[in-house]
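Here is the structure we will look at, set down as structure tokens.
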Amino acid sequence: MCTISGFMHSVCLIFVLGCGATYTYAQNIPKTIPAEFSHIDSKNAPLYLKPLITTIHQSLTSSLFTEAHYQDDFSLGFDVSIAAMQIPENAKNYTSSIPDIYVNNTKEYQSLTGTGIHNPVTIQQPTIYGGTSTPLFVVGQNQTAKSLASLDGKNIDAILGLPIIQLSLNLPIYSQSKFCAAYYNQGDVSLSFLRVGYNQRIDKLIKGLLHDQTMAIALHGSFNEISMAFGDSIKSHFSSLAIGIHASKKINKSFMIYAGFQWEDIQGGFDGARKKVNGQIDSPYPEVKNNEHLQFNFMSDNAYKMIVGLKAKYGIFDFFTDISLASQTMINSGFSIYFFRDTDFY
Numbered sequence: 087m088c089t090i091s092g093f094m095h096s097v098c099l100i101f102v103l104g105c106g107a108t109y110t111y112a113q114n115i116p117k118t119i120p121a122e123f124s125h126i127d128s129k130n131a132p133l134y135l136k137p138l139i140t141t142i143h144q145s146l147t148s149s150l151f152t153e154a155h156y157q158d159d160f161s162l163g164f165d166v167s168i169a170a171m172q173i174p175e176n177a178k179n180y181t182s183s184i185p186d187i188y189v190n191n192t193k194e195y196q197s198l199t200g201t202g203i204h205n206p207v208t209i210q211q212p213t214i215y216g217g218t219s220t221p222l223f224v225v226g227q228n229q230t231a232k233s234l235a236s237l238d239g240k241n242i243d244a245i246l247g248l249p250i251i252q253l254s255l256n257l258p259i260y261s262q263s264k265f266c267a268a269y270y271n272q273g274d275v276s277l278s279f280l281r282v283g284y285n286q287r288i289d290k291l292i293k294g295l296l297h298d299q300t301m302a303i304a305l306h307g308s309f310n311e312i313s314m315a316f317g318d319s320i321k322s323h324f325s326s327l328a329i330g331i332h333a334s335k336k337i338n339k340s341f342m343i344y345a346g347f348q349w350e351d352i353q354g355g356f357d358g359a360r361k362k363v364n365g366q367i368d369s370p371y372p373e374v375k376n377n378e379h380l381q382f383n384f385m386s387d388n389a390y391k392m393i394v395g396l397k398a399k400y401g402i403f404d405f406f407t408d409i410s411l412a413s414q415t416m417i418n419s420g421f422s423i424y425f426f427r428d429t430d431f432y
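By the working numbering, the letter at position 314 of the sequence shown is numbered 400, and the numbering carries on one by one without gaps.
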């Protein structure tokens, strides 16, 4: 994530908040989005950023569970984990839109040109994870010619996700709760993060559901919310929801395997002021030409995730690693430290 700067620093600043950490962003508060992003419109911006939002989305919905063997005892601890994503080729390009005034697919227009060639409605351009963009020279229906440039990508094949640090509370009802929160507010800067999750073992509640005592089944859910504001110039809000089912099987007193499936969704958007200029900007996009705010809703490529992992236990320590089959294949690893836990229940 540290390889992405400029606009991404403004948009994704909130996502690098460590749970429970204090962010002291007191200087160089951004007043507008960087100049290079001032020329992108609200239709293309979410598509250009979609793979990055997917990375953030998948990161936030990771480490929701590492087992289903929740016991009827009390324990308190915390988890630390980080994931790495492999970026697929289809996430490196998107279909860029061209302003309607520069599109005319009528037979009359094709006949007028005498070549049968007409401006395309769309064209493939790189996402933030892609390569070099393709500049266009377009002629509108009013014969106004404009050069149309798109943003280049960062040539990213793999990337680290966001680190997850969260409290973990086991209650004597065969359940586990996850929690993380951070808040910062000073001057024009406001940043907040909230993460809550809940896991409930069900084979202990439904008699006869499982006959194999080395196995367990649980339901899980999680909600994440991140907000930021730099005065009235830049605002953003992001929330994610995940619901699923998972199971685990003991191999021996020290090792177990776990697997799960979950549905995921995101909501949220971005609103950023463009740099003020005198007069109109020479752009084919009306909102850019009129220097309007860049406003768009976040989009993610991922809706479902299948997770398979291995967990090792040593005293109060748990170590885990898992792989997720999702839009961006993800490997997640970390550790947990638990206090006040019966270390012999395995």
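Glycine included, each C-beta is placed from N, C-alpha and C at the ideal position.
Closer than 7 Å by C-beta to T141: which residues in its own chain qualify, once you throw out the five before and the five after it? Chain order, please. M171, I245, G247 and Q414
Alpha carbons only, please: which of S145, T152, L146 and T213 is nearest the one belonging to A177? T213
Who are the near neighbours of S313 in its chain, counting only those whose CB is closer than 6 Å to its CB and skipping five residues on each side? S278 and H323
Measure the CB-CB distance between I288 and L305 and report whether it falls below 8 Å. yes
Delimiting residues of the alpha helix (DSSP H) encompassing Y134: A131 to L146
Relative to the C-alpha of G239, which residue among I250, A268, N179 and S422 is closest? N179
Residue environment, K361, which counts as buried when at least 16 other CB atoms sit within 10 Å: The residue is exposed, with fewer than 16 neighbouring Cβ atoms inside 10 Å.
Do the CB positions of F151 and G420 come within less than 8 Å of each other? no
Among residues of its own chain, excluding the 5 on either side of G358, which ones have a beta-carbon nearer than 6 Å to its beta-carbon? Cβ within range, chain order: I119, I320 and L380.
Indicate whether P221 and L237 have their beta-carbon atoms separated by less than 8 Å. no
Could you tell me if L295 is buried or exposed, where buried requires 16 or more neighbouring beta carbons within 10 angstroms of its beta carbon? exposed
Quick one: what does DSSP say E175 is sitting in, helix, strand or coil? Taken through DSSP and simplified to helix, strand or coil, E175 comes out as helix.
Is DSSP giving E122 helix, strand or coil here? Helix, per DSSP.
Might you give, ordered along the chain, the residues of its own chain that have their beta carbon closer than 8 Å to the beta carbon of A398, omitting 5 neighbours on each side? Cβ within range, chain order: S340, F341, D404, F405 and F406.
I331: which of N338, I337, Y344 and Q353 sits nearest, CA to CA? Y344
Completely contained beta strand (DSSP E) runs for the stretch 348-424, where each covers 3 or more residues: 380-383, 390-400 and 403-411
Separation of P174 from I242, as counted between CA atoms: Note on geometry: alpha-carbon atoms of I242 and P174 lie some 10 Å from one another.
Can you tell me which residues form a DSSP beta bridge with R427? Per DSSP, none; premise fails for R427.
When you compare each of N130, K264, G273 and A267 to I209 by their alpha carbons, which one comes out closest? N130
Sequence-distant residues of the same chain with beta carbon closer than 8 Å to N388, five excluded per side: T140, H143, Q144, E350, A412, S413 and Q414
Determine the extent of the beta strand (DSSP E) in which S263 is found, giving its start and end residues. S261 to Q272
Extent of the continuous beta strand (DSSP E) run through I250: DSSP places I250 in the uninterrupted beta strand (DSSP E) bounded by I250 to L257.
Does the distance from the CB of I259 to the CB of S167 come in under 8 Å? no
For P370 versus P132, is the C-beta spacing smaller than 8 Å? no
Bounding residues of the beta strand (DSSP E) (the contiguous stretch that carries I337): Premise fails: I337 is in no beta strand (DSSP E) and is neither H nor E.
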